[in-house]
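Number of protein chains: 2
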Amino acid sequence: MTGLDTPTTQTQAAAEALREMIFEGSLAPGSDHLESELAALLGMSRTPVREAALILQVQGLVTVRPRRGLRVLPVAPEDMREVYAVLTELEALAAEQAAQQAYSTDALATLRAAIDAMDAALVAPDLAAWAQADAAFHRELVRLGGNQRVQQIVDMMNDQVRRAKMVTLQLRTLPTASNEDHRAVLEAIAKGDAKTARACHRQHRERAGEELLGLLQRHKLAQL
Amino acid sequence: MTGLDTPTTQTQAAAEALREMIFEGSLAPGSDHLESELAALLGMSRTPVREAALILQVQGLVTVRPRRGLRVLPVAPEDMREVYAVLTELEALAAEQAAQQAYSTDALATLRAAIDAMDAALVAPDLAAWAQADAAFHRELVRLGGNQRVQQIVDMMNDQVRRAKMVTLQLRTLPTASNEDHRAVLEAIAKGDAKTARACHRQHRERAGEELLGLLQRHKLAQL
DNA sequence: ACAGACTTTAATGTATACGTTAATGCATGC
DNA sequence: GCATGCATTAACGTATACATTAAAGTCTGT
């Protein structure tokens, strides 16, 4: 009960801390940070910071350049388009494969709960709660797909656009239509209708993606 | 002229060397290797080896465990299935997007050349040449799609199954049918027919994937 | 005053040192 | 003879040291 969050190694701790700082914005997109600064900030030596930086670089969150330290990668609309394209494909695949697994009603409880939570958040209305439930839905969907590589990649892509999503969330009208999509996907999965599950989720993703990109353009958010 | 292969940093050199050793098999799948051994082998200190190991771990080629050094990840049929599913989705996406770019005939020359090379390799017959041309075709297709994240992910996935592919290549009958698929994809891209390009390539991938998995099962290759 | 070369500074890449800790082997007791 | 506990060993995680090298600042000559 005390703590399952035992960041055994300093490298892991550094990676986790840096990720968190990037997501909440205390390391701004486009900003540069020397290894030594970060090491001092995190209260450790350069070594684990360096290792964490390498990890984050492979994960597409920062770049490490010889004298300028690590730069937090900004996310331009073009990046969003790329990431959303990948997410659309892989989540649609996950939906299809989830449908093929013939999950019991019980196994789909989490998915259903997420949808209900979104409904509740819409009437509240509570944007943050909606976003959280939406994320839970997508995460669970991908998990049900059962392809671990898809899960990893989707996680990576979501991390890359996390900041942008948080900003656009505020600008957005309540996505009341979204939950019809979600329910359709759930139903298709429950019925084992793989084709429909894939098609529905793809449509859902494409719609959401376009809406988001439209938002970015309308608000002239060049990068986040 | 002397060398454009200037592996500026030791970490990069180590990563490259380890990758190569994994691919050609001198680091066998499932085998463990201590950091110190590898450092001695590569003639450098543990530091760059450690950093390289971290990179390869994120890329899904090895796992690093506290006292057992880094383990070269074996690829089981289930892994192949996962990777092929991802490749099918993302390459199909690339084909679709390539078709939407309205490339000129010139721009598609590389793709055409790869197909011709495969034809030539089939009549030779020259399995190695065919495999190389096939890889070139797929790589160029993904490049034409224009999504850098897709390119990165596809590269990662290909790396993960590289060894397995080399083994199965030897077991396989000459894929004479494959090139019809390739030509169909090329034509669809040239005509700007995105839907067809996607569908053709998906079908091509699914067929190839099933064939490969069948091979693995028939030969009872549990892991590679 | 400005351009160019030189000096200085400091951040990196890599090696090395060292404490911690898990695995191995041995001794002891049953 | 076998299991259990302890000592030993060595691999790792991390800190530190250091040479290299790119950037910044300075100085000089025109």
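Chains as they are written, first to last, in the working numbering: chain B, 839 to 1062; chain U, 839 to 1062.
C-beta: ideal position from N, C-alpha, C; glycine also.
If you reduce the DSSP assignment to three classes, tell me which class residue i lands in.
i, result
"ASP964 (chain B)", "coil"
"ASP1031 (chain B)", "coil"
"GLY984 (chain B)", "coil"
"MET839 (chain B)", "In this predicted model, MET839 (chain B) has a pLDDT of only 44, less than 50, meaning its place in the structure is not dependable; the value taken from the coordinates is given anyway. Looking at MET839 (chain B) - three-state DSSP - the assignment turns out to be coil, as it is neither helix nor strand."
"VAL902 (chain U)", "strand"
"HIS1042 (chain U)", "helix"
"LEU814 (chain U)", "What is shown of chain U runs 839 to 1062, which leaves residue 814 (chain U) out entirely."
"ARG857 (chain U)", "helix"
"ARG1010 (chain B)", "coil"
"VAL823 (chain B)", "Here chain B comprises residues numbered 839 to 1062, so residue 823 (chain B) is not present and cannot be evaluated."
"LEU931 (chain B)", "helix"
"LEU894 (chain B)", "helix"
"LEU908 (chain U)", "strand"
"HIS976 (chain U)", "helix"
"TYR922 (chain B)", "helix"
"GLN850 (chain B)", "helix"
"VAL999 (chain U)", "coil"
"THR943 (chain U)", "coil"
"LEU949 (chain U)", "helix"
"SER1016 (chain U)", "helix"
"PRO867 (chain U)", "coil"
"ALA877 (chain B)", "helix"
"MET1004 (chain U)", "helix"
"ALA1060 (chain U)", "coil"
Suppose contacts are defined by Cβ-Cβ distances below 8 Å. Is residue i in contact with residue j by that definition?
i, j, result
"LEU928 (chain B)", "ILE991 (chain B)", "yes"
"TYR922 (chain U)", "LEU982 (chain U)", "no"
"HIS1039 (chain U)", "ILE953 (chain U)", "no"
"GLU873 (chain U)", "VAL887 (chain U)", "yes"
"LEU1007 (chain B)", "PRO915 (chain B)", "no"
"ALA971 (chain U)", "ALA955 (chain U)", "yes"
"VAL902 (chain U)", "ALA932 (chain U)", "no"
"MET1004 (chain U)", "GLY898 (chain U)", "no"
"LEU1079 (chain B)", "ALA855 (chain B)", "The structure shown does not extend to residue 1079 (chain B), since chain B spans only 839 to 1062, so no value can be given for it."
"GLY1080 (chain B)", "ASP870 (chain B)", "With chain B represented from 839 up to 1062, any question about residue 1080 (chain B) goes unanswered, as that position is not in the structure."
"THR849 (chain B)", "GLU875 (chain B)", "no"
"ALA1097 (chain U)", "LEU1051 (chain U)", "The structure shown does not extend to residue 1097 (chain U), since chain U is modelled only from 839 through 1062, so no value can be given for it."
"ALA967 (chain B)", "ALA959 (chain B)", "yes"
"SER883 (chain B)", "ALA877 (chain B)", "yes"
"GLN939 (chain U)", "GLY868 (chain U)", "no"
"LEU949 (chain U)", "PHE975 (chain U)", "yes"
At least one CB of chain U closer than 8 Å to the CB of residue i: is that the case?
i, result
"ILE860 (chain B)", "no"
"ALA1028 (chain B)", "no"
"ILE991 (chain B)", "yes"
"VAL988 (chain B)", "yes"
"GLU889 (chain B)", "yes"
"ALA852 (chain B)", "no"
"ARG1044 (chain B)", "In the sequence as displayed, the identity of residue 1044 (chain B) is Glu instead of Arg. False, the Cβ-Cβ gap to chain U never drops below 8 Å."
Under a CB-based cut-off of 8 Å, is residue i close to chain B?
i, result
"ASN996 (chain U)", "no"
"GLN1055 (chain U)", "no"
"ALA1032 (chain U)", "no"
"ALA974 (chain U)", "no"
"VAL980 (chain U)", "no"
"GLN848 (chain U)", "no"
"VAL961 (chain U)", "no"
"ALA914 (chain U)", "no"
"ALA1005 (chain U)", "The identity of residue 1005 (chain U) in the sequence shown is Val, whereas the question assumes Ala. It does not: the Cβ of VAL1005 (chain U) has no partner Cβ on chain B nearer than 8 Å."
"ALA923 (chain U)", "yes"
"GLU920 (chain U)", "yes"
At a threshold of 7 Å, does residue i count as lining the ligand COA (C-beta to nearest heavy atom)?
i, result
"ALA1060 (chain B)", "Judged by which ligands are present, the structure shown has none, so any question about the ligand COA falls away."
Item to complete: With 8 Å as the C-beta to C-beta threshold (strictly closer), list the residues of the stretch 863–882 of chain B near chain U in chain order.
Response: Answer in chain order: no residues at all.
Fill in: Selection of the stretch 892–907 of chain B by Cβ proximity to chain U, strictly under 8 Å
If the cut-off is 8 Å between Cβ atoms, the stretch 892–907 of chain B has LEU892, ILE893, VAL896, GLN897 and GLY898 near chain U.
Worksheet item: Do the stretch 1043–1058 of chain U and the stretch 1021–1034 of chain U meet, that is, are 3 or more Cβ pairs less than 8 Å apart?
Response: Not touching, per the Cβ criterion.
Worksheet entry | Interface positions of the stretch 925–943 of chain B facing chain U (Cβ-Cβ less than 7 Å), listed along the chain | Listed by position, the residues of the stretch 925–943 of chain B near chain U (Cβ gap below 7 Å) are GLU927, LEU928 and LEU931.
Worksheet item: Is the stretch 962–975 of chain U close to the stretch 1001–1016 of chain U, with three or more CB pairs under 8 Å?
Response: Counting Cβ pairs under 8 Å, three or more are found: they touch.
Fill in: Contact set between the stretch 1008–1020 of chain B and chain U, restricted to residues whose Cβ is under 9 Å from the partner
Residues: none.
Practice prompt. Flag this pair as touching only if the stretch 913–922 of chain U and the stretch 1023–1030 of chain U have three or more C-beta atom pairs under 8 Å; answer yes or no.
Written response: As far as the Cβ criterion goes, the stretch 913–922 of chain U does not touch the stretch 1023–1030 of chain U, which means the pair count is below three.
Worksheet item: Do the stretch 896–915 of chain U and the stretch 989–1006 of chain U touch if we need at least three Cβ pairs shorter than 8 Å?
Response: Counting C-beta pairs with one atom in each stretch, the stretch 896–915 of chain U and the stretch 989–1006 of chain U have three or more that are closer than 8 Å, which means they touch.
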